[in-house]
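Numbering (our numbering), first residue to last: 3 to 632.
I have placed the structure first, in the form of structure tokens, so that the comments after it can refer back to it.
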């Protein structure tokens, strides 16, 4: 069947469709029913089943002839270390660490926080929790102590698994002092901390609480897989909330297994045995779904990469990894490709490597501007597929189902909704909008398997955050439109649709225009307060490496581009050249924070910010033109 037939099958008979997909999973007790309606717009999938995630990701492959296949490739251009771990090796290592947790009193349902860099042991820690039914919560390694303390108090872990340090291209991030400070700040205290001592930094251990990794394993015996219910939480992953308090997204076990397994072939074109690489971090949802779980469940080899798109050592590091490890499908964020493009605009580094084994490049995490997609298509010679999803959904809402049927790419669109997602565009009053009109993107309930059923210990907040604005629908928080062919366009976050003299305009559309300028490497557009028009758009542009023209020339051309392509209605008159844009560690531009700075409002330093110093640079640039007053 092609895309349309599969999508309609999932829409007209979700029960039958998802039960059929569930047959690809190895169950302890197979589900008799797919969807359970809990009332009050709450749903669960495969709740009557019994299953184990670690068994499906590791043990079943050992038993079914893949014992000697490489499961995990570790590649660290920062340290020079490389390692290949077979499924048999992974089973031994995970069972040992799971036994260490059991020896420290961790049982089914207990929470375990994982605070690790991009090393194979991070994946092993996640799988070890899944093996014994513990609920893991991965916190991005190097997160500030206060933010880690907030998460400790929210999920109340029995144990914490951490490393002594993380490594950046030019510095060592000392994890252990941050961990100790967080535990000092938190009301809840974990019983045990298991610490991976990296050779780059040996940290001090607190007697009675801290155990060195190998010593902890030596105290236990290898643990077997424990069956859990289909609706047992696999993990909690915190995402930033609009109130500043993080939201603990819950992922149920069975739906997670079924959905991710389906995507590996149908979206990412991977057959068992292929090498799949998601250049993300285990602290983000991409790392959960497509470094730790999805590839391994499907029998693929996954790549754990400890490096950056540029600077480790150069803009060719991605292509070196793809050649060396025969990567078939590559997934990264648009910001990573923009960083490569900025350093290597002519794609000269790509020509140094044989990437003929690569089938496609997949982009997600933020809007992929057309200029970046065109550059990647032309430079790599493979299809480039933008796709759109959220921490909450766990996998793509809209994408190109290239493994099922490669649909024509429309640059600027992540293509079409995936099976299970009934995506609609509504106005502020909840009325459906015709094709081509900008509105709120919502998904008709129930959401498909693998998406969030609730927030950790916060069902009221779950309802208010996602379900109240449009009854019967999940509110994505994104704005966009659907065209006559059913293609979805994500134009902005709902709060990035600005109102200029009564006209609703997408800042994302303006960013697409600015990004088309030949000297612009990346950009951001925000709406700033304007006494006359309510809001006015302001653009920030970073220039390509080697551009030495006066900034005034570039900004005048940017203003003209917006006027020519969007029109005078945009009232776009302000553009600034800056060296860098403030971003989260996952590459999202912190537009809301930039708005607060421009409007001279107080703001909370975002917990996920990559480099706080950039905000000072932005403030100085804004003050030079009369904004961001102290």
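Note that the Cβ used here is the ideal one computed from N, Cα and C, for glycine as well.
Keep in mind the model is a prediction, meaning the values are calculated, not measured.
Residue i: which of the options sits nearest, CA to CA?
| i | options | result |
| --- | --- | --- |
| residue 297 | 168, 125, 598 | 125 |
| residue 502 | 569, 264, 520, 423 | 569 |
| residue 24 | 485, 263, 306, 390 | 263 |
| residue 145 | 592, 587, 367, 82 | 587 |
| residue 148 | 187, 566, 357, 198 | 187 |
| residue 477 | 392, 505, 500 | 392 |
| residue 471 | 485, 488, 445, 281 | 445 |
| residue 224 | 69, 316, 91 | 91 |
| residue 78 | 295, 58, 320, 486 | 320 |
| residue 288 | 306, 605, 592, 195 | 306 |
| residue 443 | 175, 4, 492, 526 | 492 |
| residue 359 | 325, 39, 490, 350 | 325 |
| residue 196 | 153, 6, 208, 203 | 208 |
| residue 184 | 6, 612, 621, 154 | 154 |
| residue 428 | 421, 52, 441 | 441 |
| residue 362 | 342, 348, 350, 334 | 334 |
| residue 396 | 547, 50, 41, 255 | 255 |
| residue 253 | 229, 339, 295 | 295 |
| residue 161 | 203, 210, 201 | 210 |
| residue 176 | 226, 119, 278, 229 | 119 |
| residue 512 | 594, 220, 625, 563 | 563 |
| residue 80 | 343, 174, 500 | 174 |
| residue 430 | 323, 479, 450, 402 | 479 |
| residue 664 | 279, 8, 156 | Residue 664 is absent from the model: the chain starts at 3 and stops at 632. |
| residue 505 | 572, 259, 32, 327 | 572 |
Identify every residue that forms a DSSP beta bridge with residue i.
| i | result |
| --- | --- |
| residue 428 | 434, 442 |
| residue 142 | Partner(s): none; residue 142 has no beta bridge. |
| residue 164 | 117, 197 |
| residue 173 | 170 |
| residue 475 | 446 |
| residue 508 | 499 |
| residue 490 | 484 |
| residue 400 | 390, 419 |
| residue 5 | DSSP, once it has assigned bridges, lists no residue as partnering residue 5. |
| residue 212 | 195 |
| residue 52 | 31, 231 |
| residue 365 | 334, 388 |
Do you know how far the Cα of residue j is from the Cα of residue i?
| i | j | result |
| --- | --- | --- |
| residue 132 | residue 439 | 44 Å |
| residue 65 | residue 129 | 17 Å |
| residue 424 | residue 447 | 8 Å |
| residue 615 | residue 529 | 22 Å |
| residue 271 | residue 404 | 6 Å |
| residue 628 | residue 532 | 13 Å |
| residue 665 | residue 561 | Since the displayed the chain opens at 3 and closes at 632, residue 665 lies outside it and no answer follows. |
| residue 15 | residue 412 | 29 Å |
| residue 318 | residue 355 | 8 Å |
| residue 418 | residue 454 | 21 Å |
| residue 329 | residue 290 | 19 Å |
| residue 85 | residue 269 | 28 Å |
| residue 394 | residue 251 | 6 Å |
| residue 507 | residue 481 | 11 Å |
| residue 198 | residue 215 | 5 Å |
| residue 193 | residue 217 | 16 Å |
| residue 244 | residue 610 | Because the pLDDT at residue 244 is just 48, under 50, the model does not fix this residue reliably, and the value given afterwards should be weighed accordingly. Whole-angstrom Cα-Cα distance: 13 Å. |
| residue 159 | residue 346 | 45 Å |
| residue 206 | residue 178 | 8 Å |
| residue 524 | residue 337 | 8 Å |
| residue 276 | residue 388 | 21 Å |
| residue 474 | residue 43 | 7 Å |
| residue 45 | residue 257 | 11 Å |
| residue 385 | residue 87 | 30 Å |
Going by other Cβ atoms of all chains shown within 10 Å of its Cβ, with 16 needed for buried, is residue i buried or exposed?
| i | result |
| --- | --- |
| residue 151 | buried |
| residue 483 | buried |
| residue 300 | buried |
| residue 30 | exposed |
| residue 348 | exposed |
| residue 381 | buried |
| residue 537 | buried |
| residue 603 | exposed |
| residue 376 | exposed |
For chain C, is any of its Cβ atoms less than 7 Å away from the one on residue i?
| i | result |
| --- | --- |
| residue 145 | Structure shown: chain C not included; a single protein chain is present. |
* Write down every uninterrupted run of the alpha helix (DSSP H) in the segment 298-362 whose length is 4 residues or greater and which is fully enclosed by it, in chain order. => 319-327, 336-345
* Asked: Where are the beta strand (DSSP E) runs, 3 residues long or more, that stay fully inside the segment 523-610, in chain order?
  -> Counting only runs of 3 or more, we get 536-545, 576-579.
* Asked: Along the chain, which unbroken stretches of the beta strand (DSSP E) at least 3 residues long are found entirely within the segment 68-136?
  -> Counting whole runs of 3 or more residues, the segment 68-136 contains the beta strand (DSSP E) stretches 72-78, 83-88, 113-117.
* To do: At 4 residues or longer, and completely inside the segment 8-47: list those alpha helix (DSSP H) runs for me, N to C.
  => 16-23
* Asked: What runs of the beta strand (DSSP E), each 3 residues or longer, lie entirely inside the segment 226-284?
  -> List check, beta strand (DSSP E) in window: 235-241, 249-254, 277-280.
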